Every structure is written in C-alpha cells, then in structure tokens.
Amino acid sequence: MPSSSRSLTSLDPGRLRLPEKPALEGLEARWAPLWEETGVYRFDRTRPRSDVYSIDTPPPTVSGSLHVGHVFSFTHTDLIARFQRMRGKAVFYPMGWDDNGLPTERRVQNYYGVRCDPSLPYDPSFVPPSTPAKQPISVSRPNFIELCNRLTAEDEKAFERLWKTLGLSVDWALTYATISKRAQHVSQLAFLKLVKKPLARPFGNVVSRAYQLEAPTLWDVDFKTAVAQAELEDREMPGAYHRIRFSRVGGEGAVEIETTRPELIPACVALVAHPDDVRYQGLFDKYFETPLFRTLIRVRSHPLADPEKGSGIAMVCTFGDTTDVTWWRELTLPVRAIMQPNGTLGPIAWDSGVWDSLDPTGAQRHYETLVGLSAVKARTRIVEMLRENGALIGEPRPITHPVKFFEKGDRPLEIITSRQWFIRAVDIKHELIARGREIEWHPPFMRTRYEDWVNGLNGDWCISRQRFFGVPFPVWYPLDETGRTVYETPILAEDDQLPMDPSTEVPKGYRAGQRGQPGGFIGDPDVMDTWATSSLTPQIVCGWADDPDLFAKTFPMQLRPQAHDIIRTWLFTTVLRSHLEEDKTPWAHAAISGWVLDPDRKKMSKSKGNVVTPLALLEEHGSDGVRYWAASGRPGTDTTFDPGQMKVGRRLAIKVLNASKFALGAASPQGPIVAPVDRAMIRSLSHLVEEATAAFEAYDYARALQRTESFFWKFCDDYLELVKGRRYGEQGADGAGSANAALTAALSVLLRLFAPFLPFVTEEVWSWWQNGSIHVAAWPVVSELDSLLGESGDATSTTGTGEVTIAAPSISGTGDPRAGLPASAGTGESDQAIYEWATDVLFEVRKQRSEAKQPLKVFITKVIVKVDTEKSELMSLVDADLRSALRVRAFETTVGAPGEPREILVAGYEPAVPVVQS
RNA sequence: GGGCGGUUAGCUCAGUGGUAGAGCACCGGCUUUACACGCCGGCUGUCACAGGUUCGAAUCCUGUACCGCCCACCA
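So that you can map any letter, position 758 of the first sequence is 802 in my numbering, and since no number is skipped, the others follow by simple counting.
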C-alpha cells in the first residue's frame, strides 16, 4: 500500500526538508494525532480475507491504571502489527477495555465510597460525595452501574492517551468494552446458543453445552459469590492440626482423626480411610458419633484417603475442601451444610432428621454458641468445648499449609451448595487438547501449560456470579402456585430481546405485574463471570452477532497475544467457547509475553509498591526508548525492568536522527552505485533484510531488532566514516554520486526495518524526504537492493502493490559513470570481503592510533600492509576511502609469503602542526 | 508430589556441535564540518556442578544443585 509510485530508496531533492537541530522531544505529540487524522492504521475491510491479519487484543482491566507490564506486552503486539502492515497486510488491530467485573466494582466502591444494595430503588438525583465517606453509602443497582460507567469512561480515556503516546498502531475505530451493549449482546446470545445446543457425551447421552445445577461450589464469603477453578490460588497460611476422638456407637473403642478445621465437626457426614489400611479395615461401615453433637456417622473406605496423612483416617464434612466434595459424591453421603454465604455458621434444627444426633438437645446447646460466628471464631470456640469435653487429644499443633483463596479475595474459600450455571468442559478435554495443538505457540513450550490445565480440570466452568456489575443471564424462571421458583424450566430470552436485563425486562407471554407473584416469573439475579464475556473477544470484535461479512474476513483470527498467567483463564476459555460455538480454533498463533520483573526478580505489581508510572517513563526516555526496552524481551521471557535499556533505546533513536541528517545532508549528486565499498555495504544490507524478515516471520521481533541495531551502529561508525570524504567530492562527482545513492538507499531500508520498533523517530525522518507514512511503506525486500546494484533479473521491487522501482537514478552522468573509480569486484561474495577487509583495516589503524595516543587531526604518514594476493587486490579498491577515513597519507601494500600472518603497521605520524616548508 | 523454564563478564542478556559475544558499567584517549545524548580503544569468563556421546560440547544425552513459574485431593 505504498502511496508513492516512485522508488522508496531514491531521493527527490525538491522534496527534502532537513531540520537544523533534530530532536526527539515532541515527536509523540506531533505524530500520534497525525496518524489518527490520516487513518494510517485504519483497517481496510474491502481487502480479501487472505490479506487480513487480525489480532485478538487483550482488553486491559479498567480498575485503575496501566502499569509497565502492560506497556511491555502491548508493545510486543504492536511490533507484530506494524511488521504485518508493512508487509502489505490489512491489519485488524482493535483495542478493548475489560470494564466488566469485580475489579471494576471494587474500584468504584472505594473511589466513591458506595456499596450496591439491589433492594433499593433507583435514585435519579443521586450524586456521589466528592470525597468518599468513611461509612459506605448504600445505592441501588442502577445507581451503582451508573457510577461504574462514569468511572470506567474516565479511566478508558486515560488508557487511550497512554496507548497513543506509546505509539500503538491500533485502529481506534475498533474499540470495544466488555460491558458495552454490543458485548452484552454477544455474550447473552452465545450463552443462549450453548444452552440450546446439544452435546453428545461419550456414553451416548445428549446434554446441553451450558446448564445449571445446584451443587457444591467454590465460594468467596466476602464477595458472596461463586468463583471458578481458574480463579483459585493457593496461599501459605498458618493453621493447626487438631487431634480429635470419635467414639464408637454402642460399644467400646474410638478412632482419632486430625483436622485443621474442627469447626466443621457439626457438618461431618462420614469418616474415611483407605481400603487397604489394616488399622481401619475392621471398622468399615461401623457407626461412630461426632464429639459434642453426637451425630451418627459411619467409617467408609475410599482410595483417596491417604494412610500417611495424619492418623490415616479423615473426617468428611460438607464441605471442607474439594476432596470432601469428591467423597461426598462418590460415597453418596448426605448434605449437612452449616456454612452460610456470608461465611458464618448458620442456624440448625438438630432435631430434624438430617443431623441424626443421638442427643439433639445437647447438640443444639453446643451449637447455639457457634451460630453467627465466622469460621475462625467458631474454631476457637469449638476447641474450648472439645477440650472440656475431652475429645481433643493433646493441644493443637501449629503448621503452615496451603489454603485455597479466590485470587482477588481476602479470606479462604468455602464450598457452599448453590445453584449455578456451568459451561461444559470436562467431557471434551481431548477435543480441547487437539485445539491447542492447532495453534502455533510462541514460544512453543507454553502449549504445555495449556495442556496441563486442560488435563487438570476437575469440573465444568462455573460462569454465574452473585454480583451486580456484569452481563446478566438472559433468563427468567416461572413461579408455581405456591411462589416456588421452578428452576427446571427456565424461560430463555428471545434473540430479538437482546441485550437485556431480566430484572427489568418481562418474558414474552407475561405481564410486568406478574414479577415475583405466584404463577408469575422471576428474573435470574446473577451476572456472568467476567471471563464468560472476555472468552468471546473474537466474536465481539469480529462482528459475530451483527456483521457476518466482517466475521468471515477476520475470524478465525491470526494472533492472540497475551501474558502467560492467564493461559488458564482467557486463553483456555476462548478456545473452549470457539470450539463449542463455532467448532473452530480461534487463532493461528498465540504469542505469550513474559512478565516484567523488578531487579529482585519478583513480578512487578502494585501490592509490592514497585510499579512505575508508564507515562512518566515515556516522558523521560521517549516512547521509542521505552519500546526499545520492551522489544528486547523475547516472547515468553520474563524481562527485568531496566531504565538503562530505555536510555540505550533513546540514544539509538537520537542516532537515527543524526545519521539521517548526515545521510540526507549533502545528498546530491546522486549516481549509480559503483564504488566497491558502497556495493559491499548494500550487499551486507541485503543479508540483514533477509535475517530481520525471517526473525519477524517467526515472531522473534527481539532478534530482528538486535540484528538491525547491530548493523546500524556499524553502518554509522564504519561505513559513514569510510564514505564521508568521498560523498563530499574528494574522489569526484561519480564517487560522490555512488556514495549518496548508497546512503539514501541504506537509510530508506534501515528506517523501514526500524519502523516497528521506533515508530516516532522513523516517521519523523521519513517525513523529511518521503511522501506518506513510513508505517504503510513496503517492508524492505532483497530484490529492491539487488536492482539498485543492477543485478536483479527484473528491475522491479516486490512491494505490496508490485510497483516498479527504477534501479539507478542518474543525476550526475558525465561520460562513463565508473571513470576515476576502481572497478568493482562484481560478485556478492567479493563485495562482502571488501567490506570486511575495510573494517579490519579501520580497526587496526584506529587501535594503533589510540595506543599511540595520537589525536585524529594528526595525519599518519604511512601504513604498511602485508597481505596475501587476494587481499592486496581488495586493498586497491578501498585505498582512497581508507586514507580519507583514517587520515593516512599512504598505504604501502606488500604481498607476504603464503601462510605468513597478515600485518598492518602504522609507520609514523606527522607533526600535529605541520611545519610550513619554505 | 508432578511439570515447564532458567543458570554464560560486575549488571542485563545473545549465542544450540567448530577459536566465548553484545550493550551497560569501569579504565584510557579524542571537540572529528551528522551526533559530547558523540567518537576511538582497553579490561573483564572453571559458559552452575558431575558424568557421558563426539575428532571436537556453552551447545547433544544422563544426573545433581540452586532460582523462577505452572499444576496437584493441602484431612
């Protein structure tokens, strides 16, 4: 899509505009708005699918500010996007905001000092206090959502400013928010399709892909919501083993169990030991009673019981941990639930049949002292009672053990029976593994994490959350004549009602007045897990629900970039949804970025207080400098936060400015590239183009940068010095013409190779002498350099549109263009040798001058060079350039015997101030 | 307990069968008509350890140690 019809490597002197003193300052403010105005990053949806490169951008969570880790990983994606765009792809690069979910809710609560109380009516005149009150103000759900929308809108503006300053080449017309009507529509529609769509299971029965079930669920007692397996994390917590005696019913004897949660004794439903454990084999199916409450329980056998742990016999409660759930299910045990959703022990009628106590009155008396206490307080209390009662053997032994937490929660998870919606996953593990193998992972070993996670799934995905700010389930339930909710026959919303909220909308066939009435209906009160929406980012952004043409062009997508910590959540759930909804793999590539570590090798995070404000970094080092640091982090590799690297990047950007100013500063005359050194440099540049392109194609942007940078510094320090004198005319117009043509060509290629990394400085320099944006200029190819050397079969470059590049602009031209210049050695290999030889001589002479501590203004009278035959020929080709660059009056070349080591020897220096001969 | 990465110069990291590298830092020199935000040069290594394969190993294999991460049914 190059806008110009002329060569990208030639110079139009009339177009050239060089600044007096080029500088980095202000480039972000200058170019970011211009890119937006001119739409250089707009997705062109008229292009065929084969030309499209679509990116499933991670929507950052809108719950505060972006941090340096975001800058790091989003830069990586931008590098790929810019490369693909320059290669001629129509890049589909959207930006999303994840403003749907708990983090946003929590931020809104703290920011405004409010709490959501769904029972309150909407107050249209509510205004939050300017500073949050100490006591949170209760507001209605609509008021709360208004505040969520208000705060996220402000945050998103700030995010967009940062991304634009960083130079992300996002098409800002493709912005989406996970709480938007459009995302809600996709989310609800996809959910309903799963509910209606059958799935054949291994044993032949057919079930729906999303279903609801009343079952033990992981539960956070502070947020008062169900959470999913993927949102769990372990934390090392202090605890204690309590050894407790359970007496045999109707006879002598007792067993001792060990537990860290004695407060769950009232919820005990069995004891369990390993079937092979000889200590307990005689006790299987025998009755015991719980201490204090005297509930009848039996000893059961199950292979999960570990004879090595504790006393080898465990108490099963409903529910202490996920193993309890397994035992409860597989041994068909009763439910004796005591934990309430708020994390306190609830009231129990001990004379009801469920508890099966030998002494209901005594049990009731003991239990009353626990009702309303949290787990921790109840534990203290029950230990006192057990001690008095004599059931506690010895004293509790303190330990540290891992406890499951909701990753955003503050108290250990409980397992509470509740009705939740699930998406099926466990039955299709092998299909999900197969999907993972269709994706090309960068780096490849990240696929293992995905497979480990899928293989370790122990339940379907719970997607319902008992929260407020999220996508509601588009579902109602009928109420029967007694007012009981009939969960078995949910009323699904019609597609044309979406997006909707069942707490305000009325199902077809009902009247609003029937809400909550016997014989009427009631809306599902829950919202979806934030991942239930995020897992549909491809569907949301590609127009699955409302733009089939766009969807066909962009889905499946080419790239999912993301960090490795959310493989088990975002990546996994996206694959799952795409598989269940579309029967497709959502992307061809997954590029997994690492973390930013602080110098102590810990992940940088807010809680550790070591987060640096990204905007300040961009201001201090320049966006190009920060991008340089980010680009040095290879895919999947954690990278140390290193301002030193940003400074290096900044210096590189400054060098680009100055070298460009030099290359373009005296760029006439232009002539055919005939000088051996020039041809050698161009040849070497061809190799760089090949290498950088191959690296980028393999998603190894870091290597592409490193090779380009390394070439560029040598180009500046060696090549520019070698041709400096000649380009100013020391060897005549043709020598200058060759140097200038090579300089402008090399500059053009190098700028384009740098453009993905340093978008601001390369665009700035490009604007001095080229038309259009460098970011839609063609990525350099070897053939355009071949044609400059007059060596390609056809003198055309392979640009995106196949435009013709004129091989050698002839501006100079008096007679034979090669007159007065040494003849080039011709082939590519020889060209390379010339360049290497010249830089070897540069190095040797510089070293000797440095050791002799002679300033550069002092001329070297003579350098004696002893070489083999081949090198002596090379010497004659570069003699003049070397004399000029090194300030050497003469080289004396002698040919040594075969096998004799090469020698380069500075023979002497002229006086610093030459004596004027009379 | 299982798995995945890593261990190379003081620091940050490249290098995946053929003479150990870059940048930063450090030391010395240099105002050189692009750049002192610059240039030229110098110093710096049991390539974690132990075996093995090989003519040859930082690189391949086996094991060990340490660091990080992921997972696990943690009574």
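Don't be surprised by glycine CBs; every beta carbon is placed ideally from N, CA and C.
From a predicted model like this one, the values you see are computed outputs, not experimental measurements.
Assuming Val158 and Pro180 are in contact, meaning their beta carbons sit under 8 Å apart, how far apart are those beta carbons, in whole angstroms?
6 Å
How many Å lie between Lys910 and Ala724 at the Cα?
Roughly 23 Å separates the two Cα atoms.
With a cut-off of 8 Å, do at least 3 Cβ pairs link the stretch 392 to 411 to the stretch 299 to 307?
no
Does Asp570 come out as helix, strand or coil in the three-state DSSP assignment?
Reduced to three states, the DSSP call for Asp570 is coil.
Is Ser48 helix, strand or coil by DSSP?
With a pLDDT of 42 at Ser48, under the threshold of 50, the modelled position of this residue cannot be trusted, and the question is left open.
Could you give the distance in angstroms between the alpha-carbon of Gly669 and the alpha-carbon of Leu829?
29 Å
If you count every other CB in all the chains shown that lies within 10 Å of the CB of Gln561, and 16 or more means buried, which is it?
exposed
With a CB to CB cut of under 7 Å and the five nearest residues on each side skipped, what residues in its chain are close to Glu12?
Absent from the structure is residue 12, since the part of the chain shown begins at 45 and ends at 962.
Boundaries of the beta strand (DSSP E) in which Glu300 is found, first to last residue:
Ala298 to Thr303
My understanding is that Thr598 touches Leu55, with C-beta atoms under 8 Å, so please give their C-beta distance in whole angstroms.
The pair is not a contact, with the Cβ atoms about 39 Å apart (cut-off 8 Å).
With a CB to CB cut of under 6 Å and the five nearest residues on each side skipped, what residues in its chain are close to Ser418?
Gly387 and Thr388
Taking the alpha carbon of Cys506 as the point to measure from, which residue in Met572, Tyr494 and Gln408 has its own alpha carbon closest?
Selected option, being the one with the closest Cα: Met572.
In chain order, what residues of the same chain have a beta carbon less than 8 Å from the beta carbon of Thr617, not counting five sequence neighbours either side?
Ala274, Trp505, Trp575, Ala576, Ser578 and Ser579
When DSSP builds the beta bridges, which residues end up paired with Met601?
Trp631
From Leu414, Ser231 and Pro456, residue whose alpha carbon lies closest to that of Ala270
For Ala270, the nearest C-alpha among the options comes from Pro456.
If you follow the alpha helix (DSSP H) that Pro77 is in, where does it begin and where does it stop?
Residues Leu71 to Thr82.
For Ile288 and Leu430, believed in contact at Cβ under 8 Å, the rounded distance:
6 Å
Taking only three categories from DSSP, how would you classify Leu823?
Looking at the sequence provided, one finds Trp at residue 823 rather than Leu. Coil at Trp823, not helix or strand.
Counting along the chain, where does the alpha helix (DSSP H) carrying Cys586 start and finish?
Thr581 to Cys586
Within 10 angstroms of the Cβ of Phe887, are there 16 or more other Cβ atoms? Answer buried if so, exposed if not.
Exposed.
Sequence-distant residues of its chain with Cβ nearer than 7 Å to Glu495 (five each side left out)
Ile477 and Gly480
So the candidates are Leu661, Pro260 and Arg621; which of them puts its Cα closest to the Cα of Glu458?
Pro260
What is the rounded straight-line gap between the Cα of Arg131 and the Cα of Glu741?
If I take the Cα positions, the gap works out to 10 Å.
With respect to the alpha helix (DSSP H) encompassing Thr196, which residues constitute its N-terminal and C-terminal limits?
Arg185 to Leu210
Using a Cβ-Cβ cut-off of 6 Å (strictly less than) and excluding sequence neighbours within five positions of His665, which residues of its own chain qualify?
Within the same chain, His665 has close Cβ partners Met690 and Arg694.
For the stretch 299 to 357, list the alpha helix (DSSP H) runs that are entirely contained and at least 4 residues long, ordered along the chain.
322 to 325
Does the beta-carbon distance from Asp471 to Leu243 come in below 9 Å?
In this structure, Leu243 lies closer than 9 Å to Asp471 by Cβ.
What does the alpha-carbon distance come out to for the pair Ile818 and Leu797?
10 Å
For Ala674, I'd like the list of residues in its chain whose CB is within less than 6 Å of its CB, leaving aside the five on either flank, ordered along the chain.
Phe116 and Thr119
Taking only the alpha-carbon atoms, compute the straight-line gap between Gly709 and Glu64 and give it to the nearest angstrom.
10 Å
Please list, in chain order, all residues of the same chain as Glu734 whose beta carbon is under 7 Å from its beta carbon, the five residues on each side excluded.
Val826
Same chain, Cβ closer than 7 Å to Glu277, five either side skipped, listed in chain order:
Once the five neighbours on either side are set aside, the close Cβ partners of Glu277 are Phe449 and Glu451.
Quick check on the burial criterion: 16 or more other C-beta atoms within 10 angstroms. Buried or exposed for Arg245?
exposed
Is Asp215 closer than 9 Å to Tyr85 when the C-beta atoms are compared?
yes
Count the other CB atoms, across all protein chains shown, that sit within 10 Å of the CB of Ala202; report buried if there are 16 or more and exposed otherwise.
exposed
Between the stretch 535 to 546 and the stretch 601 to 614, do three or more beta carbon pairs fall short of 8 Å?
no
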